[in-house]
Amino acid sequence: MLSHAQKLWRAARPESRSRAPLGRFKLCECDVRSQLEEEAIAAVREFSYAVQSVCISEMLPRTSELLFLNLTTLEHVTYCIELTGKGWRIASNRADCMNGDFRQLHMHTKYFESLNQLLDTVSPSYRQRFGGQLIDKLKDLQEENK
Numbered sequence: 330m331l332s333h334a335q336k337l338w339r340a341a342r343p344e345s346r347s348r349a350p351l352g353r354f355k356l357c358e359c360d361v362r363s364q365l366e367e368e369a370i371a372a373v374r375e376f377s378y379a380v381q382s383v384c385i386s387e388m389l390p391r392t393s394e395l396l397f398l399n400l401t402t403l404e405h406v407t408y409c410i411e412l413t414g415k416g417w418r419i420a421s422n423r424a425d426c427m428n429g430d431f432r433q434l435h436m437h438t439k440y441f442e443s444l445n446q447l448l449d450t451v452s453p454s455y456r457q458r459f460g461g462q463l464i465d466k467l468k469d470l471q472e473e474n475k
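Spelled out as C-alpha cells, the structure:
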C-alpha cells in the first residue's frame, strides 16, 4: 500500500501525467505554485516583448522561496536573475549560473522591486521599447475616448 507522499510523488511524475486523459487532470498538493513562481511566470509573459529571451531556469535550485530566470536583453547581454522575497537580483552574467563576477559586486548585490526596474537599469533598448508600447497604449485609449 502506498503512503500519501508516494501517491503525490507518482501523480507529479511527468510520465504519469502524459497518460491522463485530456480534461481530467487533477490538481494535487505538489502542483500548487508558490507566490514567487506565479510572479516569475507573470514576468516571463509580461516582459517577453521587450527582451531577446526570458525563461525560468530548469538547472538551478527552485523552491517556494527562491528561483532563477535566464534573461537575454535586446543588446544580447545574458543574465541569470535571482527572485526571492527580497526582490529581483542579477546573480550572474551567464545563464544558469548563481555565482556573480566579484569585480562587479555593485551589480550583483542590488535588489530591485520588480523586473521592470531591473531591466530599466541594464537595458536601454528595453526602455525604448517600453516607452514605445506605453505611447501606443495611450494613443489607443485616446482613440477609444473620441
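In the working numbering, the protein residues as written are 330 to 475.
Ideal Cβ placement from N, Cα and C applies to all residues, glycine included.
All values reported here derive from a predicted model rather than from experimental measurement.
Reference G429, options G460, L448, E411, I370, closest by Cα:
The count along the sequence shown starts at 1 and reaches residue 429 at position 100. Among G460, L448, E411, I370, the Cα nearest to that of G429 is on E411.
How about S452 and T402: are their beta carbons less than 8 angstroms apart?
The residue labelled residue 452 in the question sits at position 123 within the sequence shown. The residue labelled residue 402 in the question sits at position 73 within the sequence shown. Contact flag set, yes.
With which residues is Y476 paired in a DSSP beta bridge?
Outside the displayed range of the chain (330 to 475) lies residue 476, so it cannot be described from this structure.
Given E404, which residues of its chain have a CB within under 8 angstroms of its CB, disregarding the five upstream and five downstream residues?
Here residue 404 refers to the residue found at position 75 when the sequence shown is read from its first residue. Taken in chain order, the residues that qualify are S452, P453, S454.
At which residues does the beta strand (DSSP E) containing L389 begin and terminate?
For this step, residue 389 is matched to residue 60 along the sequence shown. Counting along the chain, L389 sits inside no beta strand (DSSP E), nor does DSSP assign it H or E at all.
Whose CA, out of V373, Y378, E366, F431, lies closest to the CA of G460?
Residue mapping note: residue 460 aligns to position 131 of the sequence shown, counting from 1. If we check each option's Cα against that of G460, Y378 comes out closest.
Thinking just about the alpha-carbon of each residue, which of T413, F397, S363, A371 is nearest to the one in S421?
Here residue 421 refers to the residue found at position 92 when the sequence shown is read from its first residue. Just measuring C-alpha positions, the residue of T413, F397, S363, A371 sitting nearest S421 is F397.
For G414, which residues of its own chain have a beta-carbon under 7 angstroms away from its beta-carbon, when the five flanking residues on both sides are left out?
The residue given as residue 414 occupies position 85 in the sequence shown. Closer than 7 angstroms at the Cβ level, and outside the excluded window around G414, lie E394.
Can you look up E404 in the DSSP assignment and give me helix, strand or coil?
Sequence index remark: in the sequence shown, residue 404 carries index 75 (1-based). Coil, per DSSP.
Report the three-state DSSP secondary structure of S393 (helix, strand or coil).
Numbered from 1 along the sequence shown, position 64 holds the residue referred to as residue 393. S393 falls in the coil class under three-state DSSP.
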